[in-house]
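What follows is one structure encoded as structure tokens, with my remarks underneath.
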Amino acid sequence: MTGSGAATACMEQIGFNMAASNPHVLCVDDDRETAGLIAEELVDRGFRVSIACDGEEGFQAILTTQPDIALVDVTMPVLSGFDLLERLVSLAPRFSSMPFLYLTALSDRANELKGRQLGADDYITKPVDFEILTAIIKARLARVPRGAIWPAAVDLTEREVETLTWAARGKTSSEIAIILGLTKRTVDFHIDNARLKLNATSRIHAAVKAAAGQLIDP
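Residue numbers for the sequence shown follow the working numbering, beginning at 949 and rising by one.
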């Protein structure tokens, strides 16, 4: 790990030679290699980072260190990310102001909806786009509403917004082409561009993320 040493133990603190005023990020992920990569990138961007290797350890870390923001995986041993957030919610209002972000490989709609329904501030899927992640973290720490984060982080064109909006309304590419006076190939091109920008696995997933971030109004 650049300048900080690789993460080799649970609850490792990385970048804590920085000023105490630097935001403290807690990364909870049972994949130590992934957690180490995330920590390295965030330290390079000026954050102090702690790593917890399972949900129970993450929960205890939140109680004892009170980080400024938590990045939490969903699928973990001992205590899942969903269970962790449910425990924190039960302790409200003590931790109600701490931004809580899911950072997970589970990109399906059902899990994303569950995470948001539990009260997560954001649901970000791997592989990580660190420019977008950094923008989201900074916006959350500044208490910027979610709707103001995505427009700054994801620059969709007018056509991408139009085609994705109609896709979110259940229209096929052929139907969207007729509505907008485009070819089906052009519609697919714009939707696929939007999907890539949103780091989504399908047009449905892209529509869900865009709607959640208020980039479209389905």
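Don't be surprised by glycine CBs; every beta carbon is placed ideally from N, CA and C.
Here the structure is a predicted model, which is why all the values come from computation and not from measurement.
* To do: Scan the stretch 1085-1151 and note each continuous alpha helix (DSSP H) run of 4 residues or more that stays entirely inside, going in chain order.
  => 1094-1101, 1106-1116, 1121-1128, 1132-1145
* Asked: How do the stretch 1048-1055 and the stretch 1017-1025 stand: do at least 3 beta-carbon pairs fall below 8 Å, yes or no?
  -> yes
* Locate the beta strand (DSSP E) running through residue 1052, then write down its first and last residues. => 1048-1052
* Straight-line gap, residue 1035 to residue 1011 (C-alpha atoms, nearest Å) -> 11 Å
* **Terminal residues of the alpha helix (DSSP H) in which residue 1031 lies** => 1029-1038
* **DSSP-derived helix/strand/coil call for residue 961** => strand
* Those residues which DSSP pairs with residue 975 across a bridge -> 999, 1019
* Which residue from 1145, 1119, 1113 puts its Cα closest to that of residue 1101? -> 1145
* Asked: Of all the options 962, 995, 1151, which has the alpha carbon lying nearest to the alpha carbon of residue 1057?
  -> 1151
* Just tell me which of 1120, 1032, 993, 1154 has its CA closest to the CA of residue 1073. => 1154
* **Alpha-carbon spacing of residue 960 relative to residue 1064, whole angstroms** => 28 Å
* Kindly indicate the opening and closing residues of the beta strand (DSSP E) around residue 1070. => 1070-1073
* Same chain, Cβ closer than 6 Å to residue 971, five either side skipped, listed in chain order -> 995, 1016, 1089
* Asked: By how many angstroms is the C-alpha of residue 1045 removed from the C-alpha of residue 1127?
  -> 44 Å
* Asked: Is it right to say residue 953 is buried, meaning 16 or more other beta carbons lie within 10 angstroms of its own, or is it exposed?
  -> Legend: pLDDT at residue 953 = 37, less than 50; position of this residue unreliable, value from coordinates given subsequently. Residue 953 comes out exposed.
* Asked: Mapping DSSP to helix, strand and coil, what is residue 1157?
  -> helix
* What number of angstroms, rounded off, separates the C-alpha of residue 1112 from the C-alpha of residue 1133? -> 14 Å
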